[in-house]
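For reference, the structure discussed in these notes is given below.
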Amino acid sequence: MLLQEKLINIIKEKCEKDPRVSACMMYGSFTKDEGDKYSDVEFYIFLKTAEIEEFQSDDWIRGVAPYDLHFINEFGSEVVVFSNLIRGEFHFQSESEIEVIKTFKETGVFPDTESMFIYDVTGRLEACLDYLQGEGPDRLTNNNVNFAFNNFVNTWIMGINVLKRGEAARSLECLTYVQKYVLQLIRVHEKSVERWLNATKNLEDDVSEKAYSEYTSITAKLDKEELYHAYSNALTVVERLECLLADHYKFDIDSAFLKKLHAYLTNRI
Numbered sequence: 649m650l651l652q653e654k655l656i657n658i659i660k661e662k663c664e665k666d667p668r669v670s671a672c673m674m675y676g677s678f679t680k681d682e683g684d685k686y687s688d689v690e691f692y693i694f695l696k697t698a699e700i701e702e703f704q705s706d707d708w709i710r711g712v713a714p715y716d717l718h719f720i721n722e723f724g725s726e727v728v729v730f731s732n733l734i735r736g737e738f739h740f741q742s743e744s745e746i747e748v749i750k751t752f753k754e755t756g757v758f759p760d761t762e763s764m765f766i767y768d769v770t771g772r773l774e775a776c777l778d779y780l781q782g783e784g785p786d787r788l789t790n791n792n793v794n795f796a797f798n799n800f801v802n803t804w805i806m807g808i809n810v811l812k813r814g815e816a817a818r819s820l821e822c823l824t825y826v827q828k829y830v831l832q833l834i835r836v837h838e839k840s841v842e843r844w845l846n847a848t849k850n851l852e853d854d855v856s857e858k859a860y861s862e863y864t865s866i867t868a869k870l871d872k873e874e875l876y877h878a879y880s881n882a883l884t885v886v887e888r889l890e891c892l893l894a895d896h897y898k899f900d901i902d903s904a905f906l907k908k909l910h911a912y913l914t915n916r917i
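Take a look at the structure:
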């Protein structure tokens, strides 16, 4: 049994024994049959409303397993690095907020909602998880494709501008966003959009060898010439995708505009 699976079992047992806990659900890799020894463990734990003010999450998590680090990340999640270096993510909320689960439906596909169920005394958790079943949001839409193309242009121009200014480090940061939107367009073309919000996850298995090679070509280290090369390749990849997707989707950019970007790139002033 994986160490993560042992932690999951401990958390389930702890929820069942703690009268303050009303419900608990798990999300992430272990609910999608993708969990391995490198995976995180991730939970929403709903508490009785009367207990939420006095509840000490650090003490509760310490009762699961020893940890070396516990903090709130930029998204408001409680992140724990257990002493065995397994990463945990926890959301402790009032049971009155359990309907928040239904908002997850817009984030992706949940193939096995039964595996997400950990514990419940409210009688409401199962219904919320059932709501997540079925197909995820439709990503193959004009709006999504247009969004990806437009944001590619926005981040591409910003990245080139700061690179021309001499800010290579900032340009490298911009490149990560360029890559994100290129990957979303690649996934649209290959109809592999289940991981729309996390486009690099399982990329090695999700896309074709050609697409993976194209992604490789738009990566770079912190080197001015490598960055120019990556931005140039990104534009070439997007030109191909614009041509391939134009017959199926409506979007704002066209080949003439992309050629204009090529000219701007070539004129390194």
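Residue numbers (this note's numbering): 649 to 917. All C-beta atoms in this analysis are idealised placements derived from N, C-alpha and C, irrespective of residue type, glycine included.
| query | result |
| --- | --- |
| What does His718 pair with, by DSSP beta-bridge criteria? | Val728 |
| Taking the DSSP output, what are the residues bridged to Cys672? | Ile693, Tyr767 |
| What do you get for Gly736, buried or exposed, if any count of 16 or more other CB atoms within 10 angstroms of its CB means buried? | buried |
| Ile917: buried (16+ other C-beta within 10 angstroms of its C-beta) or exposed? | Confidence at Ile917 is low in this model, with a pLDDT of 49, below 50, so its placement is unreliable and the value that follows should be read with caution. With fewer than 16 Cβ atoms within 10 Å of its Cβ, Ile917 is classed as exposed. |
| In angstroms with no decimal places, state the Cα-to-Cα distance between His837 and Asn802. | 21 Å |
| With respect to the alpha helix (DSSP H) encompassing Glu821, which residues constitute its N-terminal and C-terminal limits? | 816 to 837 |
| State the CB to CB distance for the pair Val689 and Ile656, rounded to an integer number of angstroms; the pair is presumed to be in contact (CB under 8 Å). | 6 Å |
| Could you give the distance in angstroms between the alpha-carbon of Ile805 and the alpha-carbon of Cys776? | 43 Å |
| Quickly, what does DSSP pair Ser840 with across the bridge? List them, please. | BP columns for Ser840 are empty, so no partner. |
| At which residues does the alpha helix (DSSP H) containing Phe800 begin and terminate? | 790 to 813 |
| What do you get for Leu870, buried or exposed, if any count of 16 or more other CB atoms within 10 angstroms of its CB means buried? | exposed |
| Tell me the DSSP bridge mates of Phe740? | Ile693 |
| Looking only at its own chain, which residues have a Cβ that is under 8 Å from the Cβ of Val728, when we skip the five neighbours before and after it? | Ile709, Tyr715, Leu717, His718, Arg735, Gly736, Glu737, Phe738 |
| Which residues mark the beginning and the end of the alpha helix (DSSP H) in which Ile866 is found? | No alpha helix (DSSP H) contains Ile866, which DSSP labels as neither H nor E. |
| CB Leu833 to CB Phe800, shorter than 9 Å? | yes |
| Which term fits Glu822, buried or exposed, when burial requires 16 or more other beta carbons within 10 angstroms of its beta carbon? | Sequence check: residue 822 is Cys here, not Glu. Burial call: buried. |
| Mind checking Ala911: buried by the 16 CB within 10 Å criterion, or exposed? | exposed |
| Going by beta carbon distance, what residues of the same chain come within less than 6 Å of Val942, once the five residues before and after it are set aside? | Here the chain comprises residues numbered 649 to 917, so residue 942 is not present and cannot be evaluated. |
| According to DSSP, Arg735 sits in a beta bridge with which residue or residues? | Val729 |
| Note down the Cα distance separating Leu892 from His877, rounded to an integer number of angstroms. | 23 Å |
| Just checking my contact of Ile946 with Cys672 at CB under 8 Å: how many whole Å lie between their CB atoms? | Lying outside 649 to 917, the shown extent of the chain, residue 946 is not represented and no answer is given. |
| What's the gap between the Cα of Ile901 and the Cα of Ala882? | 15 Å |
| CA-CA distance, Val841 and Leu788? | 8 Å |
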